[in-house]
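Which chain is which? The protein sequence lines are A and B, in order. According to the numbering used here, the first sequence holds residues 1 to 563 in order. According to the numbering used here, the second sequence holds residues 1001 to 1563 in order.
Protein chains: 2
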Amino acid sequence: MSKYVIGLDFGTNSVRALIDDVSDGNELATHVYNYRDGVEGVIIDNTNPHLARQNPADWVEGLVESVKESVKKASENIAFSTDDIIGIGVDTTGSTPLPVDENGYPLSYSKEFEGNPNAMAWLWKDHTSANEAHKITEHAKKTAPQYLTRIGGIYSSEWFFSKLYHLLHVDEKVFDSMASWVECCDFTVGLLTGEMEPGKLKRSVCAAGHKAMFNYDYGGLPSKEFLSGLHPKLGTFRNKLYSEAHPAGVKAGELCPEMAEKLGIPAGIAISVGAFDAHMGAVGSGIKEGTLVKIMGTSTCDIMVFSKDRGGLHDIPGICGMVDGSVMDGYIGLEAGQSAVGDIFNWFVKKCIPSGYESKAKEKNMDMHEYLTTLADELNPGQSGLLALDWNNGNRTILVDPRLTGLILGMTLNTRPEEIYRALVEATAFGARVIIERVEEYGVEVRDIINCGGLAEKNPMIMQIYADVTGRPMKISRSAQTCALGAAIFGAVAAGSAAGGYDSVEDARDRMTGLKDVIYEPISENVEIYDRLYKEYKTLHDTFGLGENDVMKRLLDIKESVL
Amino acid sequence: MSKYVIGLDFGTNSVRALIDDVSDGNELATHVYNYRDGVEGVIIDNTNPHLARQNPADWVEGLVESVKESVKKASENIAFSTDDIIGIGVDTTGSTPLPVDENGYPLSYSKEFEGNPNAMAWLWKDHTSANEAHKITEHAKKTAPQYLTRIGGIYSSEWFFSKLYHLLHVDEKVFDSMASWVECCDFTVGLLTGEMEPGKLKRSVCAAGHKAMFNYDYGGLPSKEFLSGLHPKLGTFRNKLYSEAHPAGVKAGELCPEMAEKLGIPAGIAISVGAFDAHMGAVGSGIKEGTLVKIMGTSTCDIMVFSKDRGGLHDIPGICGMVDGSVMDGYIGLEAGQSAVGDIFNWFVKKCIPSGYESKAKEKNMDMHEYLTTLADELNPGQSGLLALDWNNGNRTILVDPRLTGLILGMTLNTRPEEIYRALVEATAFGARVIIERVEEYGVEVRDIINCGGLAEKNPMIMQIYADVTGRPMKISRSAQTCALGAAIFGAVAAGSAAGGYDSVEDARDRMTGLKDVIYEPISENVEIYDRLYKEYKTLHDTFGLGENDVMKRLLDIKESVL
């Protein structure tokens, strides 16, 4: 008699429901619902390129549809019964907060604020709050530097309080009307449990710790005094937030009858506290102490965990986040990342590929990435004479500096597109090595590396280059849906062993995750050449990233002054 | 009663004949003959990309055809008579030497060496002799450093002795069989005068001084001892070369009856000593003391002249050549340049422009350079946030270093092709400013700048950027054929005033050259921004060019080791 869990993965453009077998993590059925509002689910403003919002109505609709459809698919299997679903977990993008009323409903549901993007969810990649982020950082540096130590020293414009502060500046009416400011991963859990009122929500420590400076050592959220120093109304607003936050796997509640009816599954199913996609994806990839999980897509997110009692490791300079319980209860979750990886390759393919290449790719029935990869794969390491820095979207780890830009050198009059493409791939691999060296330097040993996400799944050349550049084997997560699988795992933990689930994340992980057979082993001749190239990369990294030559920032200053 | 002169311009792909009015330099007729042998006149070897040769039979055929056809066109003008042609001047590419027999005929004319590329002319851009160039430089540094002071400190693989030395290494039979090694500009003058025997040729001091280390201060060509130190046969060969060299404008002889008949013009016309295209082009642009003439094409050649009696100015570090009389008799000719200018833009257009741009350019009926220029022209200085180094083909002046490569920084995920295009144009302008600052630093004042060549003629955006980057007005030479006009001017000087020509180059220049009406004046807001960007360029220039970070060379080392 199998038991099943549902993982819900709320992404930028869609929501995915995944039904997994609790015993081995095997996928029974999955369904993706694409958001309807905005451009591929993102509400934009043509007069303000920094704005990116999301309509929470899409989440509700998507939740219902994706679960209903995946249950329908699973039901084709005669072994499956909805009565055997024991738990549900949720992962979402973040920080993606929205203003809610006293019942926990989105403010955009009200007549007054209908269609107002400020009353909708502020998507993770909304960058309207840059000034506020800067003010928060400066204010914290002066008055409460401890708030910055676990988040890499700079508070980001993508995060919870920057967005709240900006909302206060641009739409005080919405600010004054809301009863709370809630992350997507908490809101969607509330939808399932029916406990939506802000005071009853079980907030995620992953969201709280990584994005809202929440830490029990400092009394939870930043103090009223600190927030008042930014704006009196922010200080007052602290009461409308929360004083507790929980790791995923903790049971947030049970599926409420109203939602159960909509989904066509029984009420009472255990619902886990939510978390962010990368953090749950790391668990879906099989993370444990000593494992680095790399979630590789348009950007890369690096996740590790280590024991709380290890001591002395809390402050690793340049690591964007270290939060107790953000990945697994009982461990410090460590988050690092590269602001652009696949995005750099996409930029290059869109902006820099001549038509001759397009027609050849078409002839071979390949997309441009595949075609360039076949050409780039024929090159030896070092053969192009090129070297690049992977900073087209700034540097998140270890420099924590959005005001850095790309660099490429070594071009001759014969330099070809595939050579540049390979140099860009190598640059992201060098960036990955910098992160590994930094955490190891501070005592967090990286014993193995598991990769997941589109780039890891689809591009053996990229994986081989990462193996050769880091000198370490690259493993690939077995599941192609590690985030949704991670969410399902937490559903099984919230259910507990008595219900047929698990009592610890470790047990659930060991049973429900695995690796693909292929492992990319480093090739020693290549490792040797890349060691030399990495030295050159690191010199450029330090020259342009550590203040010796701040030309990139001065160019941005000039750019901004002439626009 | 007008008098006329003929200028002959032997280029890489074709030869042009130009018939000008002696009184005002006005063009009466012109004709271009495209070489037949090889690829657009260049004999290449698919197994050796460094090889570039030229069939001297093309020169002979081209000389006859282009003169005959231009005379035919001129004859449509009833005022014109071939009896009124008083002089002929010749400019050519260089260093482009060829092996000749005792009668001065190309060795490739003989049965034995027919079709042998080593027995043809070694075109200026033949790079097969890199090793030999290096050996010559090292040998001179150790034993005769004075030979290097006037040529920028490094003997180039493109030059006379490198090619002669390489010929000895790869085809000793050709080496042993030849009676001399003759530059194209001397060979073609011999064709006209009929005095082709090596001992009778009037060699050009422009070729001798800039490419063969010839200097009367050191006894002419490098000593027998020096050459023997490279190879005993080279030492012996010195006797087959020359001990005198002459500035253009000196009469080399008169048109011989045999050639006169072929050309359909009277025998006895004065023939000037030859010189290189850039040097004669500078005169065709109206060069005088204080004027910098920039000949802008795939690469840029910078020419200046200054008085011999000025003193103390001979050694300007990083200036590739300073030769007494190489431009005008009585002045030191100074040659500097940028190894790639138009070539960088061509590389970018060929290798990095997406098909969307191609179709839009086609729609607008523009070539890609025109289309990118219209887009790039809409950008403000500094707006792209990009900065580039113009070293895709190394750096000729002031670093004299072929082992430097391109660099571009400042890219984001939104960087567009036209932004990169503009950044590349700006990089070449910064490179031009470095040269100006260097010569002024050593006391050679640049009072005005005259531009000629394709880029200067056709692209106002480029000229405006050069004006804004240098903070100086950019003037454009009136003639579109400055090299051939310069050659014609020297024909008029060789003829002398008694024959209706001129007795000095200065007089001929003042009467026969002029400027276009348009002058690109610097725009002060732009100058200000470019001053800031230039400072950044200069820092990168020094970091990567002066040894602080030799990453470009190390990348080339690695590249060469893995190929």
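Using N, Cα and C, we set each Cβ at its ideal position, and we do this for glycine too. Note that the structure is a prediction, hence the values are computed from the model and not measured.
ask   = Tell me which same chain residues have a C-beta within less than 6 Å of the C-beta of residue 226/A, skipping the five on either side of it?
value = 144
Residue-chain proximity (residue 1551/B, chain A), Cβ-Cβ < 8 Å = yes
inquiry  = Quick check on residue 1378/B: buried or exposed, where buried means 16 or more other Cβ atoms within 10 Å of its Cβ?
reply    = exposed
Contact the region 1184 to 1197 of chain B vs the region 1159 to 1172 of chain B: 3+ CB pairs below 8 Å = no
Within chain A, the residues that residue 1428/B reaches when beta carbons sit closer than 8 Å = What residue 1428/B touches in chain A: nothing, since even the nearest Cβ is about 13 Å away.
request  = For residue 1536/B, decide whether its Cβ has a neighbour in chain A, counting only Cβ atoms nearer than 8 Å.
outcome  = yes
inquiry  = Just to confirm, is the Cβ distance from residue 329/A to residue 174/A under 8 Å?
reply    = no
ask   = Is there a Cβ from chain B that is less than 8 Å from the Cβ of residue 124/A?
value = no
request  = Grab the span of the beta strand (DSSP E) containing residue 475/A for me, first residue to last.
outcome  = 474 to 477
ask   = In chain order, what residues of the region 1404 to 1424 of chain B put their CB closer than 9 Å to some CB of chain A?
value = 1405, 1406, 1407, 1408, 1409, 1410, 1411, 1412, 1413, 1414, 1415, 1416, 1417 and 1420
Cβ pair count under 8 Å reaching 3, the region 1437 to 1445 of chain B against the region 1499 to 1514 of chain B = no
task = Let me know the secondary structure DSSP gives residue 1058/B once reduced to three states.
result = helix
inquiry  = Check for me: the beta strand (DSSP E) holding residue 1294/B runs from which residue to which?
reply    = 1291 to 1296
ask   = Exposed or buried, residue 1046/B, counting other C-beta atoms within 10 Å across all chains shown (16 or more means buried)?
value = exposed
task = Assign residue 1563/B to one of two classes, buried (16 or more other C-beta atoms within 10 Å of its C-beta) or exposed (fewer than that).
result = exposed
ask   = When DSSP labels each residue in this structure, what does residue 1177/B get in the three-state scheme?
value = helix
task = Please go through the same chain and pick out, in chain order, the residues whose beta-carbon is closer than 7 Å to the beta-carbon of residue 258/A, but skip the five residues on each side of it.
result = 194
query = Taking Cβ to Cβ, would you say residue 374/A is nearer than 8 Å to residue 392/A?
reply = no
Nearest neighbour of residue 90/A, chosen from 489/A, 520/A and 58/A [CA to CA] = 489/A
request  = Please name the residue or residues paired with residue 270/A in a DSSP beta bridge.
outcome  = 87/A and 254/A
query = How many whole angstroms separate the CB atoms of residue 491/A and residue 38/A, which I take to be in contact at a CB cut-off of 8 Å?
reply = At roughly 29 Å, the Cβ-Cβ gap does not stay under 8 Å, so residue 491/A and residue 38/A are not in contact.
Coarse secondary structure for residue 1506/B, derived from DSSP in three states = helix
ask   = Roughly how far, in whole angstroms, is the beta-carbon of residue 1365/B from the beta-carbon of residue 539/A, given that I think they are within contact range, below 8 Å?
value = So it is not a contact: roughly 47 Å between Cβ atoms.
task = To the nearest angstrom, report how far apart residue 1432/B and residue 1418/B are at their CA atoms.
result = 21 Å
key: Cα-Cα separation between residue 1015/B and residue 1263/B, rounded to whole angstroms   = 15 Å
task = Just the C-alpha distance for residue 1050/B and residue 1123/B, rounded to the nearest angstrom, thanks.
result = 11 Å
request  = Mind checking the region 327 to 351 of chain A against chain B and listing, in chain order, the residues whose C-beta falls within less than 9 Å of any C-beta there?
outcome  = 340, 343, 344, 346, 347, 349, 350 and 351
message = Do residue 1275/B and residue 1303/B count as a contact pair if the criterion is CB distance below 8 Å?
response = no
key: Contacts around residue 500/A, its chain only, beta-carbon distance under 7 Å, and the 5 residues preceding and following it disregarded   = 3, 22 and 86
inquiry  = Along the chain, where does the alpha helix (DSSP H) containing residue 381/A start, and where does it finish?
reply    = Element bounds for residue 381/A: n/a, residue is neither H nor E.
query = With respect to the alpha helix (DSSP H) encompassing residue 352/A, which residues constitute its N-terminal and C-terminal limits?
reply = No alpha helix (DSSP H) contains residue 352/A, which DSSP labels as neither H nor E.
request  = Compute the Euclidean distance between the alpha carbons of residue 502/A and residue 351/A, then round it to the nearest angstrom.
outcome  = 49 Å
task = Measure from the alpha carbon of residue 521/A to the alpha carbon of each residue in 479/A, 553/A, 547/A and 464/A, then state which is nearest.
result = 464/A
query = Looking only at C-alpha atoms, which of 485/A, 346/A and 76/A sits nearest to residue 514/A?
reply = 485/A
request  = Answer yes or no: do residue 208/A and residue 245/A have a C-beta to C-beta separation smaller than 8 Å?
outcome  = yes
message = Applying the 10 Å Cβ sphere with the 16-neighbour rule, what's the burial state of residue 118/A?
response = buried
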